[in-house]
Amino acid sequence: MCLQYNYNKAHIVAVFIRTSGQKVLVIAPARTSRFWRYPVHCILSITFMLKDILMYQDLIRNELNEAAETLANFLKDDANIHAIQRAAVLLADSFKAGGKVLSCGNGGSHCDAMHFAEELTGRYRENRPGYPAIAISDVSHISCVGNDFGFNDIFSRYVEAVGREGDVLLGLSTSGNSANVIKAIAAAREKGMKVITLTGKDGGKMAGTADIEIRVPHSGYADRIQEIHIKVIHILIQLIEKEMVK
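The sequence shown: position 23 = 23 (the UniProt record's numbering), numbered continuously.
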């Protein structure tokens with residue numbers, strides 16, 4: 001495959017050559033390029049461009065390999081599989097009994113909490129009736145409670161207001177140490193709600209506080225834990241859909 005493009009006003013030709021079963025990228029200036037009049041400049045430019053391309057390719061492979069390794073380690077523990085299954089049944093049982101699920105988290109986990117709720121009320125892959133799910137994400141509520149009471153109370157105040165016995169709280173925290181999620185769990189317990197948590201690392205302060213904890217035992221960056229969390233969320237929704245038609 002041959003690609004031609006302009007780089008700093010120079011006409012560049014990029015060619016993929018297959019050798020020993022692998023593709024090697026070779027970059028060179030076209031004959032029409034002014035670089036042919038400056039061979040040293042040409043060689044240096046090509047060298048730096050090729051170095052950047054190879055460095056980025058290594059980074060991409062390393063990131064994907066680390067993500068795959070994190071998932072493989074999560075799969076090794078059968079307790080994780082059982083926890084996901086039990087969580088789905090718990091949620092479906094709550095819906096069947098007229099209950100709902102409240103979800104909460106911070107930052108990327110807040111987005112995951114919203115993602116979970118919208119795919120329950122809306123749809124995942126197939127059309128079906130919506131299920132009662134609310135992500136604690138209303139800006140007016142969060143700004144009011146954050147200003148008047150404090151950021152640690154933004155989720156618990158909502159649980160106190162709308163949570164009912166038989167409902168479920170889904171709390172997400174990659175560290176397991178989010179103070180506002182911990183307070184929401186305590187509020188849910190006071191209301192007679194069930195609690196499911198998605199955590200990471202060693203579970204932090206949230207370890208042992210839920211009816212069902214799904215923990216990603218990754219000690220590195222939070223995004224690796226979040227990548228597993230979103231996959232768990234999608235599987236939960238699939239299982240809930242199957243349970244709801246039984």
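Cβ coordinates follow ideal geometry from the N, Cα and C atoms, glycine included.
Determine the extent of the alpha helix (DSSP H) in which residue i is found, giving its start and end residues.
i	result
Arg86	78 to 96
Ile228	222 to 244
Lys154	The question names Lys, yet the displayed sequence has Ile at residue 154. Its alpha helix (DSSP H) spans residues 154 to 162.
Arg189	179 to 190
Ala135	Premise fails: Ala135 lies in the beta strand (DSSP E), 133 to 135, not in any alpha helix (DSSP H).
Phe116	108 to 121
Rounded to the nearest angstrom, what separates residue i and residue j at their Cα positions?
i	j	result
Lys76	Pro217	11 angstroms
Gly192	Arg157	15 angstroms
Lys100	Gly166	8 angstroms
Tyr56	Lys205	38 angstroms
Gly98	Ile81	26 angstroms
Gly208	Asp202	11 angstroms
Glu63	Asp148	42 angstroms
Leu25	Leu59	Only weak support exists for where Leu25 lies, its pLDDT of 48 falling under 50; the value from the coordinates is given anyway. In a straight line, the C-alpha of Leu25 is about 17 angstroms away from that of Leu59.
Arg61	Phe74	20 angstroms
Glu118	Gln238	14 angstroms
Ser94	Leu169	11 angstroms
Asn65	Glu160	43 angstroms
Ser219	Arg86	25 angstroms
Lys96	Ile235	19 angstroms
Phe155	Ala79	28 angstroms
Gly108	Val139	16 angstroms
The beta strand (DSSP E) that contains residue i, what's its start and end?
i	result
Gly146	Run containing Gly146: none in the beta strand (DSSP E); it sits in the alpha helix (DSSP H), 139 to 148.
Lys194	194 to 200
Ser103	101 to 104
Glu213	212 to 216
Gly171	168 to 172
Could you check whether residue j and residue i sit closer than 8 angstroms to each other, using their CB atoms as the reference points?
i	j	result
Arg215	Thr199	yes
residue 253	Val162	Past the boundaries of the shown model lies residue 253; the chain is included only from 1 to 246, so the question cannot be answered.
Leu71	Ile212	no
Val195	Gly176	no
Ala88	Glu227	no
Ala186	Thr197	no
Ala67	Arg224	yes
Ala135	Thr174	no
Kindly list the residues whose CB is nearer than 6 angstroms to the CB of residue i, restricted to its own chain and excluding five residues on each side of it in sequence; keep chain order.
i	result
Leu120	Tyr131, Ala133
Ser137	Met114
Ser143	none
Phe116	Ser103, Ile233
Val40	Only weak support is given to the placement of Val40: the predicted model assigns it a pLDDT of 47, under 50, and the value that follows is read from those uncertain coordinates. Within the same chain, Val40 has no close Cβ partners at all.
Under 7 angstroms Cβ to Cβ from residue i, same chain only, skipping five residues before and after it: list those, please.
i	result
Val232	Ile84, Leu198, Ile214
His141	Tyr158
Asp112	Gly105, Leu172, Gln226, His229, Ile230, Ile233
Ala92	Ile240, Glu243, Met244
Gly122	Gly130
CB-CB under 8 angstroms to residue i, same chain, minus the five flanking residues each way: which ones, in chain order?
i	result
Glu241	Tyr124, Glu126, Arg128
Arg31	Confidence at Arg31 is low in this model, with a pLDDT of 47, below 50, so its placement is unreliable and the value that follows should be read with caution. The answer is none, since no qualifying residue turns up.
If we count Cβ pairs, one from each stretch, closer than 8 angstroms, do we get three or more for the segment 179 to 189 versus the segment 90 to 108?
-> yes
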